[in-house]
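J.:
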Amino acid sequence: MRNLLLCAFLLASFAGAADLTGTWRFEQTSPNGRKRVSTYIFKAEGNKFSGLVATQSEQRDIVNGVIDGNQILFETKFEFDEAGRLTPFKGQLDGDALKISPLRQQPGRPPQEMALKKISNDTTYNPPPELARIHKPFPPFQAIAPNGLAKTPPMGWNSWNKFAGRIDDKAVREIADAMASSGMRDAGYVYVNIDDTWEAERDKDGNIQSNQKFPDMKALADYVHSKGLKIGIYSGPGRKTCAGFEGSYGHEEQDARTWAAWGIDYLKYDWCSASAVYHRDEMAPAYQKMALALRATGRPIIYSLCQYGWLNVGEWGEAAGGNLWRTTGDISDRWDSMSRIGFGQNGREKYAGPGHWNDPDMLEIGNGGMTSTEYRTHMSLWSILAAPLLAGHDVSAMSDDTKDILTNKEVIAIDQDKLGKQGVRVRQDGELELWKKELSDGVAVGLFNRSAAPAQMTVKWSEVGVDKKTPEVRDLWAHKDVDAPGEFSAEVPSHGVVLMRVR
Ligand code: GLA
């Protein structure tokens with residue numbers, strides 16, 4: 244009897260194995276009408292299986308697959324995830340139909356069941372031409388010399404946080420006008436950067452085109468330059484950008500030449516779908532490829548890497564030719580997002596310096612999701628971090644308060660200090676944090692209160708490396724000199740900061 248049962252189980256397992264092996268497809272149309280295809284390859288041996296899943300934006304290995312009758316369990320592994328996290332799935336097999344769903348459902352979201360259809364018994368992945376890896380193997384990675392740009396953290400504006408897909412020629416011109424008339428430009432914000440969604444398809448010779456929102460990029464660049472500003476653009480090493488527009492894969496040199504001819508001064512190069520065409524060890528070389536392409540144009544172009552801090556980018560971003568690199572996922576206009584990112588930067592200071600900066604993402608100041616106190620904390624923290632200061636609001640409609648925060652010259656001077664040192668946390672008592680940034684002439688000191696209530700905070704000058712008993716102390720938001728021999732003490736508002744320069 245026992246043997247019979249075992250036989251039945253094994254038979255069921257092997258029947259499942261035979262059915263599962265092959266190529267499966269899942270098709271989905273997103274709310275914006277774009278079709279997304281996922282191809283699953285399963286290779287079963289006995290009641291175990293492995294394989295891969297490929298989409299337009301990535302490939303993952305399928306590991307730890309187990310078949311039990313018509314039930315399956317497996318995990319997917321994303322090679323760019325340093326922590327090696329696996330995503331578990333379960334599934335049910337029914338002839339040529341396979342329903343799978345993630346084991347960890349997103350809270351508050353409807354169950355995400357995917358109905359896969361078997362399309363062949365093939366177990367090798369033959370990507371369609373639009374997903375084929377066409378690049379040649381890269382030579383061994385070698386550091387390239389710095390390009391001499393961004394001696395202090397870049398300052399300017401970027402379209403994404405406020406305008407996202409709605410950015411167009413008219414809005415960029417309005418922003419440029421406002422940058423000049425509001426005092427933003429004169430405070431140092433010189434780059435006007437167009438983020439994703441400007442791209443159209445390529446012409447018959449492979450030249451990248453701008454879409455109907457941007458009828459003439461050269462004319463727009465000339466206009467921005469005429470205002471005493473510089474202009475930036477966006478692309479990525481994959482075939483598609485994050486918003487699904489044309490990327491630079493296979494056209495790197497050609498795109499760099501096009502941008503240089505338009506008069507572009509800054510490039511943000513966003514990884515996104517590059518996971519579909521590159522492996523882990525190709526990320527640094529893929530970034531370097533564009534660095535070299537930009538340099539070959541002869542035009543000075545700041546090069547911003549955007550790959551969310553993956554693969555410890557601080558270790559190789561400068562060697563790949565980057566002037567700055569994102570260290571995290573996207574910021575949003577909320578206290579929890581901004582504070583998590585900002586206060587999470589401690590420890591990365593060793594990677595920053597003149598010409599090469601950590602980028603904790605763009606500013607949200609003036610977008611309405613935080614209080615003025617919180618935006619002052621945002622500005623203070625980014626300045627202590629020697630972070631790029633890229634405003635992300637509608638400059639043509641900003642309040643005086645927003646303008647005062649962004650154009651506070653004494654705070655900007657902390658960010659732009661020529662020593663180029665990223666600040667560090669000195670002490671943390673629960674939600675109260677003391678930070679300092681070494682300056683060419685003194686030290687910047689920030690008392691940050693992340694808690695929900697006001698708090699009394701104290702700093703002894705000896706704690707931040709100041710030996711003088713009675714140093715010169717300046718409160719950079721109150722714009723006042725402070726008499727504070729030995730130490731300084733103040734009540735700091737909830738989510739607020741006292742930022743000082745001490746020398
Ligand atoms: C990614 C980047 C963002 C922005 C968008 C555009 O999410 O991290 O900063 O560039 O893509 O699609």
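If you want this note's numbering, it's the 1-based position in the sequence shown plus 243. By construction, the Cβ of each residue, glycine as well, lies at the ideal position given by its N, Cα and C atoms.
(1) Quick check on the DSSP output: the alpha helix (DSSP H) that includes W502 runs from which residue to which?
(2) Return the CA-CA distance between T616 and A462, expressed in angstroms with no decimal places.
(3) Going by C-alpha distance, which of W553, C549, G612, L628 is nearest N589?
(4) Whose C-beta lies closer than 8 Å to the C-beta of L263 among residues of the same chain, with five residues either side of it excluded?
(5) What are the partner residues of S732, as DSSP defines its beta bridges?
(6) Do you know offhand how far G609's Cα is from E734's?
(7) DSSP three-state call for E442: helix, strand or coil?
(8) Just the Cα atoms here: how many angstroms apart are M700 and E592?
(9) Just reading off the alpha helix (DSSP H) that M526 is part of, what are its end residues?
(10) Out of L329, A358, Y521, G265, state which residue places its alpha-carbon closest to the alpha-carbon of R347.
(11) Can you check whether the CB of N566 is closer than 8 Å to the CB of W514?
(12) Mind checking which residues open and close the alpha helix (DSSP H) that includes D658?
(13) If we ignore side chains and look at the alpha-carbon of each, how far apart do E442 and K413 end up?
(14) K680: which of E674, V669, G673 sits nearest, CA to CA?
(15) Would you grab the beta carbon distance between A539 and A504 for me? Rounded to a whole angstrom, and I think it's under 8 Å.
(16) Using the C-alpha atoms, what's the distance from S425 back to D465?
(17) For the ligand GLA, I want to know if D438 counts as a neighbour, meaning its beta carbon is within less than 7 Å of at least one of the ligand's heavy atoms.
(18) Could you work out which residue in I410, K511, N404 is closest to G611 when comparing CA atoms only?
(19) Is W403 near the ligand GLA, in the sense that its beta carbon is under 7 Å from a heavy atom of that ligand?
(20) In the DSSP output, which residue or residues are listed as bridge partners for Q271?
(21) Would you identify the three-state DSSP class for D459, choosing helix, strand or coil?
(22) Report the three-state DSSP secondary structure of S198 (helix, strand or coil).
(23) Hey, V654 and S626: beta-carbon distance below 8 Å or not?
(24) Rank N290, L554, L624 by C-alpha distance to the C-alpha of S518 and give the top, closest one.
(25) Should G739 go down as buried or exposed, given a rule of 16 or more other Cβ atoms within 10 Å for buried?
T.: Answer, in terms of the structure:
(1) One-based indexing of the sequence shown puts residue 502 at position 259. DSSP places W502 in the uninterrupted alpha helix (DSSP H) bounded by 495 to 505.
(2) Here the question's residue 616 lines up with position 373 in the sequence shown. Here the question's residue 462 lines up with position 219 in the sequence shown. The C-alpha of T616 lies about 40 Å from the C-alpha of A462.
(3) The count along the sequence shown starts at 1 and reaches residue 589 at position 346. The option with the nearest alpha carbon to N589 is L628.
(4) Indexing the sequence shown from 1 puts residue 263 at position 20. Only F285, A287, F292, I310, I315, L336, L341 meet the Cβ criterion.
(5) Along the sequence shown, read from residue 1 onward, the residue named residue 732 stands at position 489. Note: S732 sits in a beta bridge opposite T701.
(6) Position 366 of the sequence shown, counting from 1, holds the residue named residue 609. Position 491 of the sequence shown, counting from 1, holds the residue named residue 734. Cα to Cα, the separation comes out at about 25 Å.
(7) By one-based count along the sequence shown, residue 442 stands at place 199. Three-state DSSP puts E442 in a strand.
(8) Your numbering for residue 700 matches position 457 in the sequence shown. Your numbering for residue 592 matches position 349 in the sequence shown. Cα to Cα, M700 sits roughly 25 Å from E592.
(9) For the purposes of this step, residue 526 is identified with residue 283 of the sequence shown, where counting begins at 1. It spans 526 to 539 - the alpha helix (DSSP H) in which M526 sits, taken as one unbroken run.
(10) Residue numbering aside, residue 347 sits at position 104 when the sequence shown is read from its first letter. Of the listed residues, the one whose Cα sits closest to R347 is L329.
(11) The sequence position of residue 514 within the sequence shown is 271, counting from 1. The sequence position of residue 566 within the sequence shown is 323, counting from 1. W514 is not a Cβ neighbour of N566, given a cutoff of 8 Å.
(12) As a first step, residue 658 must be located in the sequence shown, where it is residue number 415. 652 to 658 is the extent of the alpha helix (DSSP H) around D658.
(13) In the sequence shown, residue 442 corresponds to position 199, counting from 1. In the sequence shown, residue 413 corresponds to position 170, counting from 1. Rounded to the nearest angstrom, the two C-alpha atoms are 16 Å apart.
(14) Within the sequence shown, numbered from 1, the residue matching residue 680 stands at position 437. Its Cα nearest to that of K680, the residue V669 stands out among E674, V669, G673.
(15) Taking the first residue of the sequence shown as position 1, residue 539 is located at position 296. Taking the first residue of the sequence shown as position 1, residue 504 is located at position 261. A539 to A504, Cβ: 13 Å. No contact.
(16) In the sequence shown, residue 465 corresponds to position 222, counting from 1. In the sequence shown, residue 425 corresponds to position 182, counting from 1. The C-alpha of D465 lies about 20 Å from the C-alpha of S425.
(17) On the sequence shown, residue 438 is found 195 positions in, with the first residue counted as 1. Yes, the ligand GLA has a heavy atom inside 7 Å of this Cβ.
(18) As a position in the sequence shown, residue 611 is number 368, starting the count at 1. The option with the nearest alpha carbon to G611 is N404.
(19) Taking the first residue of the sequence shown as 1, we reach residue 403 at position 160. Within 7 Å of the C-beta of W403 there is at least one heavy atom belonging to the ligand GLA.
(20) Here residue 271 is taken as the residue at index 28 of the sequence shown, counted from 1. Answer by DSSP bridge pairing, in chain order: R279.
(21) Reading the sequence shown from its first residue, position 216 is the one you call residue 459. In the structure shown, D459 adopts coil according to DSSP, grouped into three states.
(22) No information on residue 198 is available, as it lies outside the stretch 244 to 746 that the chain covers here.
(23) Against the sequence shown, residue 654 aligns to sequence position 411. Against the sequence shown, residue 626 aligns to sequence position 383. Yes, Cβ-Cβ distance for V654 and S626 is below 8 Å.
(24) Translated into positions along the sequence shown, residue 518 becomes position 275. Looking at the Cα atoms, L554 is the closest of the given residues.
(25) Your numbering for residue 739 matches position 496 in the sequence shown. G739 counts as buried, since no fewer than 16 other beta carbons sit within 10 angstroms of its beta carbon.
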